[in-house]
Ligand code: ARG
Ligand code: ZN
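Residue numbers (this note's numbering): 26 to 893.
Written out as structure tokens, the structure is:
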């Protein structure tokens with residue numbers, strides 16, 4: 026589609042480029058799935074490591090696949106490989122590879138088993154994509170999911186080809202790791218057949234933080250977290266999280282670890298969070314390294330969650346993997362679901378659920394409501410790395426939560442046991458997954474499957490009626506159109522409901538209503554008076570709930586709901602109503618909201634973390650999303666000032682009581698990373714942020730001086746920057762933390778996030794010229810460039826300066842690291858929400874990116890989908 030170029034730009038002429046995509050890479054379709062014609066029994070790999078001339082020899086033992094059509098050619102994937110030798114059963118072959126792989130014609134292949142040997146040369150040091158074998162801070166490391174293994178050797182790089190691996194390496198590096206159990210220095214044997222995306226190799230000058238774990242059947246497992254020398258003192262929390270994860274998976278899922286050793290390696294240059302390679306998880310160092318001085322409470326919580334996530338993949342992902350990449354949610358949705366429950370067990374289920382729903386709405390609802398919407402199980406992709414999304418991960422987890430709500434805890438446990446029994450060692454599909462639930466519970470899941478195949482967030486409208494003791498809830502579902510999916514069938518939606526009487530007593534406890542039709546009524550009999558409904562308790566389905574509700578009713582639920590999620594949700598909805606009204610019509614902050622928030626804030630019987638969440642106003646992007654959903658065109662500047670005004674109003678209302686709250690929440694004594702202490706710190710910082718609106722940051726200054734954790738130090742700095750009093754503090758912070766890469770990422774990010782809307786582009790631009798701005802490091806790039814996109818009013822400043830700056834950087838990063846460039850481009854996915862001027866500005870930037878010569882397949886696909 027040709028972008029609209031008619032709107033003149035304010036400063037620079039728009040690019041006069043009309044072709045939006047120069048090459049159109051081939052889409053891969055689920056419908057085209059075919060099994061690989063050969064089985065791969067065993068793989069022997071040898072690496073002669075060298076920064077620019079690594080030699081990889083591979084010995085692949087194949088046999089014909091009885092499940093495939095006989096007589097087919099063998100196609101092996103391979104990218105950026107220099108082929109030095111190729112032989113079959115010892116006979117040299119002369120086939121020439123093309124840009125994406127190597128074909129061995131059927132005529133050259135025997136009818137029975139055969140051994141294919143290759144030797145290739147690769148250059149880890151110049152591999153800036155951080156995909157395949159690359160170097161980070163002097164160490165060799167790998168990332169193979171989804172398709173990095175083809176940058177290491179010629180191979181059938183697809184998850185349904187599972188093989189046993191033996192690996193050896195030749196290098197001077199003192200630490201030499203791969204998957205499975207060690208058989209000598211740099212020699213590894215992995216007894217569990219695995220797809221190539223789970224392969225890993227690490228060689229470097231590393232030190233280990235070690236421990237052991239004894240499994241439920243009494244086997245002793247060696248645990249090591251490998252880091253760069255000097256970081257070994259920052260691994261204790263990750264190790265503790267690992268041990269708790271191993272125990273939890275035994276207790277809750279009956280799953281035991283299956284090797285003699287479990288290694289984790291922290292690397293500084295990593296595109297994503299972490300990777301579940303068999304027995305050798307590789308992590309972004311920010312998700313491993315933590316001390317009270319350098320890591321925030323959020324960092325601690327994320328480390329715990331991601332360590333668990335990757336460990337849990339050992340069963341949900343590795344022992345049972347995906348048949349093809351369309352099934353990605355099979356492992357990711359389930360593993361996110363599992364790590365969320367783990368975190369809830371370790372911390373607080375109520376708080377964890379609220380945080381997960383906040384993240385779901387901020388990322389997944391945003392994605393689901395825009396041009397990048399796709400099904401939890403998509404049926405087509407161009408570049409699979411573009412589908413590691415909030416929809417696959419977080420909505421994928423929600424779908425499992427709904428399944429569990431429908432079949433009950435017992436049904437879920439039975440189904441999961443059957444899943445592990447039936448599919449262990451296999452590469453499975455969503456059909457296999459659903460069949461297990463059908464067989465274990467006798468329930469027909471045909472309609473439920475729509476959750477996997479249809480994109481878009483359902484809207485529920487609820488009305489109610491009360492007459493002669495009979496209370497009726499009528500629920501209607503609308504499934505909006507999504508890209509490529511116009512009409513939708515109704516879904517099965519579990520709606521958890523409770524009813525309260527006017528004293529706040531629960532007259533009907535939580536009941537799961539199953540909505541299966543477009544419109545359905547549910548009756549409750551024998552009620553003495555009209556109840557107050559608490560609908561979608563625990564956020565029982567990932568939907569947008571629309572219900573006419575008065576401020577009084579919301580305040581009542583905030584005060585009385587027995588369901589902690591809905592209690593918070595009532596306050597949130599109330600705040601959102603107020604804020605949206607303020608954006609549209611201006612005016613004062615209503616007293617009923619102020620009183621309701623005050624009551625919760627000072628209610629000592631409530632968890633401080635919960636109170637902190639209630640004090641937190643909806644973010645600007647969230648308001649823009651809701652305004653758009655309600656049929657308005659959001660004005661980012663108006664949202665920004667309304668939200669600040671509302672904060673100011675709240676600060677004024679609580680003024681007298683804030684100092685005592687702040688004092689009372691001090692956490693003296695040694696740092697405790699646990700949820701209770703973290704909740705107190707969160708509430709204290711929320712109170713300090715309000716206080717800063719009254720005292721110009723004086724209290725935050727004191728808090729920063731007395732801080733004894735990064736949470737307090739960074740939190741106070743953020744508050745000071747927010748009220749325009751942070752310049753000196755930021756300079757001092759930088760001086761203090763100059764030598765700590767992870768802390769400096771926070772410093773970079775904070776400058777951008779806290780910048781005033783009309784200065785953010787300039788500040789961001791200046792930071793990208795800072796000598797410490799290492800743009801090839803994804804953490805640093807994200808700290809600056811992704812923060813630009815998360816400064817809502819600044820990113821959407823009417824000048825379009827931020828749009829241009831982001832596009833410039835995406836164009837610059839793309840040839841170096843296409844995965845991260847493509848991921849960052851999603852900052853533009855919300856363009857349809859905004860006014861015609863902003864739409865034109867963003868579309869022009871997308872068109873400019875699309876017109877860039879030699880754009881990667883990753884970014885080409887993303888930009889093409891966003892332009893529609
Ligand atoms: N499987 C990893 C996880 O646990 C994510 C790896 C994604 N990497 C990528 N390049 N797409 O979530
Ligand atoms: Zn995962």
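Built from N, CA and C at the ideal position, the CB exists for glycine as well. This one's a predicted model, so the numbers in the text were calculated from it and none came from an experiment.
Other residues of its chain near residue i: CB distance less than 7 Å, five sequence neighbours each side excluded
i           : result
residue 778 : 812, 815, 816
residue 895 : The question about residue 895 has no answer, for the chain in this structure spans 26 to 893.
residue 357 : 417, 418, 421
residue 593 : 379, 635, 638, 639
residue 702 : 692
residue 377 : 365, 368, 369
Contact set for residue i: own chain, Cβ-Cβ below 6 Å, skip 5 residues either direction
i           : result
residue 47  : Note that residue 47 scores 42 on pLDDT, short of 50, meaning its location in the model is unreliable and no value can be drawn from it.
residue 878 : none
residue 212 : 193
residue 572 : 487
residue 695 : none
residue 298 : 309, 312, 331
residue 663 : 608
residue 614 : 671, 674
residue 226 : 167, 203
residue 58  : 349
residue 569 : 482, 484
Cβ-Cβ separation, residue j to residue i (assumed contact under 8 Å), whole Å
i           : j           : result
residue 553 : residue 497 : Contact flag wrong, Cβ pair sits at about 16 Å.
residue 532 : residue 558 : Actually they do not touch by this definition, with Cβ atoms about 11 Å apart.
residue 714 : residue 728 : Actually they are not in contact, since the Cβ atoms of residue 714 and residue 728 sit about 11 Å apart, beyond 8 Å.
residue 963 : residue 874 : Because residue 963 is not part of the residues shown, which for the chain are 26 to 893, the question remains open.
residue 240 : residue 281 : 5 Å
Helix, strand or coil at residue i according to DSSP, with G and I counted as helix
i           : result
residue 641 : coil
residue 63  : strand
residue 690 : coil
residue 47  : Low local confidence applies: a pLDDT of 42 at residue 47 is under 50, so the model's placement there is unreliable, with the coordinate-based value given in what follows. Coil.
residue 166 : strand
residue 360 : helix
residue 235 : strand
residue 374 : helix
residue 346 : strand
residue 40  : Residue placement at residue 40 is flagged as unreliable, the pLDDT there being 34, under the threshold of 50; the coordinate-derived value follows with that caveat. Residue 40: coil per DSSP, three-state reduction.
residue 581 : helix
residue 837 : helix
residue 282 : coil
residue 452 : strand
residue 410 : helix
residue 539 : strand
residue 109 : strand
residue 270 : helix
residue 335 : helix
residue 854 : coil
Same chain only: Cβ atoms within 8 Å of residue i, ignoring 5 sequence neighbours per side
i           : result
residue 790 : 830
residue 206 : 213, 214, 215, 216, 284, 285, 286, 304
residue 404 : 54, 55, 56, 351, 478
Near ligand 1: residue i beta-carbon under 7 Å from a heavy atom
i           : result
residue 879 : no
residue 170 : yes
residue 859 : no
residue 413 : yes
residue 410 : yes
residue 300 : yes
Closer than 7 Å: residue i CB and nearest ligand 2 heavy atom
i           : result
residue 360 : yes
residue 357 : yes
Inset, instruction - Report yes or no: do the stretch 448-462 and the stretch 483-501 share at least 3 C-beta pairs separated by less than 8 Å? - result: no
Inset, instruction - Inspect the CB distances between the stretch 256-273 and the stretch 196-208 and report whether three or more fall short of 8 Å. - result: no
Inset, instruction - Take every Cβ of the stretch 764-774, pair it with every Cβ of the stretch 790-809, and state whether three or more of those distances are shorter than 8 Å. - result: yes
Inset, instruction - Report yes or no: do the stretch 136-148 and the stretch 269-276 share at least 3 C-beta pairs separated by less than 8 Å? - result: no
Legend entry - contact_flag[the stretch 67-79, the stretch 90-98] where n(CB pairs < 8 Å) is 3 or more: no
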